[in-house]
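Asker:
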């Protein structure tokens, strides 16, 4: 990066396990699945890949996404936990450090409004944040 990112001193984030990121928020309404996600989740649920895709997924512009028939992820439990946490999709595991979220207006607006863990907890360096964002983009490449 040739110029300093607005977050060059790092960003604080600590997951509060509130489940807010697992609910639909306008454009934050899709959970994308790479093939590795599909295989891991299907195995975790004890399902064949095809059965998992038929039951839980749909396609959107060539991407496999979780079917969101309700205003939340189908794996969000009543206790606001994740029923597939050990194999949650890469997108979920890397929230909020996505390339799209690293726009200052987005970070300080809709991301912070959705997520009470923003600006609290451990400090992530700019290098760590960018590594996570890059790996997430490559995962779905």
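In this note's numbering, the protein residues as written are 3 to 143.
Note that beta-carbon positions come from the ideal geometry of N, C-alpha and C, so glycine has one too.
Values in this document were obtained by computation on a predicted structure and should not be read as measured data.
Hey, is the region 19 to 26 in contact with the region 80 to 94, meaning 3+ C-beta pairs nearer than 8 Å?
Answerer: With a cut-off of 8 Å, the region 80 to 94 and the region 19 to 26 count as touching, because enough Cβ pairs lie within range.
Asker: Rounded to a whole number of angstroms, what is the C-alpha to C-alpha distance between residue 61 and residue 51?
Answerer: When rounded, the distance between both Cα atoms is 15 Å.
Asker: Do residue 27 and residue 94 have their CB atoms nearer than 7 Å?
Answerer: Not a contact, by the Cβ cut-off of 7 Å.
Asker: Leaving out the 5 sequence neighbours to the left and right, which residues in its chain are closer than 8 Å to residue 191 when beta-carbon positions are compared?
Answerer: Lying before the first or after the last residue shown, residue 191 is absent from the chain, which here runs from 3 to 143.
Asker: Which term fits residue 39, buried or exposed, when burial requires 16 or more other beta carbons within 10 angstroms of its beta carbon?
Answerer: The residue is buried, with at least 16 neighbouring Cβ atoms inside 10 Å.
Asker: According to DSSP, is residue 14 part of a helix, a strand, or is it coil?
Answerer: Here residue 14 sits in strand by DSSP.
Asker: Quick one: any contact between the region 64 to 72 and the region 3 to 14, if contact means 3 or more CB pairs under 8 Å?
Answerer: These segments do not touch.
Asker: How many Å lie between residue 58 and residue 141 at the Cα?
Answerer: About 20 Å.
Asker: May I ask which residues mark the beginning and end of the beta strand (DSSP E) holding residue 60?
Answerer: Residue 60 -> beta strand (DSSP E) spans 59 to 62.
Asker: With H, G and I counted as helix, E and B as strand and the rest as coil, what does DSSP make of residue 27?
Answerer: Correct three-state label for residue 27: strand.
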